[in-house]
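Numbering (my numbering), first residue to last: 552 to 685.
1) If you reduce the DSSP assignment to three classes, tell me which class residue 659 lands in.
2) Of all the beta strand (DSSP E) runs that stay within the bounds of the segment 612-655, which reach a length of 3 or more residues?
3) How big is the Cα-Cα spacing for residue 608 and residue 617?
4) Please list the terminal residues of the continuous alpha helix (DSSP H) segment that includes residue 589.
5) Closest to residue 684 by C-alpha separation, out of 624, 612, 631, 561, would be which residue?
6) Ends of the alpha helix (DSSP H) at residue 678?
7) Quick check on residue 557: does DSSP put it in helix, strand or coil?
In structure tokens:
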């Protein structure tokens with residue numbers, strides 16, 4: 552079975568800003584069929600676009616979102632969410648609510664989360680994390 556990668560907001564933002572950058576190179580190496588993002592990430596991006604009001608940024612991000620599979624939230628993401636949140640709260644190291652959902656989504660699907668926020672996501676037990684910008 553091939554490795555699958557869930558790209559987070561920071562990675563997709565970089566892809567839109569630098570279409571010939573390191574993220575594109577890694578996607579080419581891994582194969583576009585191994586790449587997806589979460590509906591939660593798409594929501595974060597869409598909010599950022601509405602807030603920015605930038606037509607150029609909106610066009611670039613729309614091209615990125617149109618070219619990548621956006622995965623819906625489905626069971627057992629809810630179970631992973633509960634386990635991760637409980638573990639992080641008990642340890643006194645919670646993460647943001649959207650990041651929690653993204654982590655649960657990636658872990659539930661057995662995907663490697665690609666992020667520029669390795670410090671936060673690496674606290675999630677059982678979650679593979681890579682930074683394609685480092």
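Beta carbons: idealized from backbone N, C-alpha and C, even for Gly.
Checking against the coordinates, here is how it stands:
1) It is helical.
2) 620-622
3) Roughly 14 Å separates the two Cα atoms.
4) That residue, residue 589, is in no alpha helix (DSSP H); its beta strand (DSSP E) goes 586-589.
5) Comparing alpha-carbon positions, the option among 624, 612, 631, 561 lying closest to residue 684 turns out to be 561.
6) From DSSP, residue 678 is part of no alpha helix (DSSP H); its letter is neither H nor E.
7) strand
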